[in-house]
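The next block holds one structure in the form of structure tokens; read it before the comments.
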Amino acid sequence: MNTVSRPKAAPKARLRAPQRRADSEATRQRILDAAERLFADAGFHATSIREIATLAQCQFALIGYHFGSKEELLDHVIARRSDVLNRERMRRLDELLALHGTAPIPLRALITSFVSTLMTRADSDDEGWRNYTRLIAVVAANAQWKDLTEKHFNAVAREYLAQLQRSLPGVPSENLYRAFTFSVGTMLSVCARSDRIETLSGGAFDSRQVAGLSDALCVFLEGGFLAIAQA
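With this note's numbering as the guide, the letters of the sequence shown map in order to residues 11 to 241.
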């Protein structure tokens, strides 16, 4: 009797985890760059998702796919560079703590450490950093985005406040918090590049070289802290 051979079963396909396309991360970065620039130039509310997609040269739907809502996109834009700033500020603070041991850190050193981290990037050749510093100047000044400020910046700010309190032990905490808030606002005003010095002086003085203003700004801020301490 002839036996009929059964056809061999096809080998089962291996299940593979879905992988992102090779250009997926590049697309994400283009979207973040475009949003960063447009939010800085025109503001969050005046910028549409379609405008961001056009500048990023991607499909409209990809922005929602990668980031969700426009508010979530702003969150990602801020987070991308805040992580860099926060790591550097904490590295500088750790170096100061190691240098001075148990002694309070000099006031000027604390101010310079915090301020110059942002000021040097505001004046860098990297257009992304210049856009970012202008953007956070707007975000930090708007109560609508206080949750983003809390999420991305306040933890490190509190570390510096704790050291400022050690350096100025006689200053009431409320006054210290006010002085720090004034200092941050002044720093961000410079980074916003509003050209106010140019318009006030009729073009006689230049404020566009932000890093060059860093030393003068730190002197100014130190004087403010000391005035409050003496008061």
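Where is the CB? At the ideal position from N, CA and C, for every residue including glycine.
Buried is the label assigned to asparagine 141, since at least 16 other Cβ atoms lie within 10 Å of its Cβ.
Using a Cβ distance threshold of 7 angstroms, valine 220 and methionine 100 do not count as a contacting pair. By alpha-carbon distance to aspartate 135, the top candidate from Ser177, Ala36, Arg218 is Arg218. At a Cβ-Cβ threshold of 7 angstroms, glycine 138 and aspartate 43 count as neighbours. DSSP, read as helix, strand or coil, puts leucine 117 in helix. The C-alpha of alanine 45 is placed about 44 angstroms away from the C-alpha of alanine 241. Shown here for threonine 209: not one same chain residue has a beta carbon closer than 8 angstroms to its own, the five before and five after excluded. With contacts defined by Cβ atoms closer than 7 angstroms, leucine 145 and alanine 237 do not form a contacting pair.
Rounded to the nearest whole angstrom, the CA to CA distance from serine 123 to serine 204 is 24 angstroms. For serine 183, the CB contacts under 8 angstroms within the same chain, skipping 5 residues up- and downstream, are Gln175 in chain order. Fewer than three pairs of CB atoms, one per stretch, sit closer than 8 angstroms, so the stretch 88–104 makes no contact with the stretch 184–196.
Of the candidates Cys201, Pro179, Leu107, the residue whose Cα lies closest to the Cα of leucine 120 is Leu107. In terms of Cα proximity to threonine 143, the closest of Ala239, Arg40, Thr127, Gln154 is Thr127. If the five residues before and after leucine 65 are omitted, its C-beta is found closer than 6 angstroms to the C-beta atoms of Ala44, all from its own chain and listed in chain order. Excluding residues up to 5 positions away in sequence, Ile41, Ile59, Ile62, Ala63, Leu83 lie with their Cβ nearer than 7 angstroms to the Cβ of isoleucine 73 in the same chain. Excluding sequence positions up to five before and after glycine 180, its CB lies within less than 8 angstroms of the CB of Ala239, all in the same chain and listed in chain order.
Under the three-state reduction of DSSP, histidine 55 is assigned to coil, being neither helix nor strand. The C-alpha of phenylalanine 163 is placed about 22 angstroms away from the C-alpha of histidine 55. CA-CA distance, glycine 234 to arginine 118, rounds to 11 angstroms.
Taking C-beta separations shorter than 7 angstroms and ignoring five residues to either side along the sequence, the partners of leucine 95 in its chain run Thr127, Leu128, following chain order. Straight across, the Cα-Cα distance linking alanine 165 with arginine 97 is about 11 angstroms. Secondary structure at alanine 150: helix, using DSSP grouped into helix, strand and coil.
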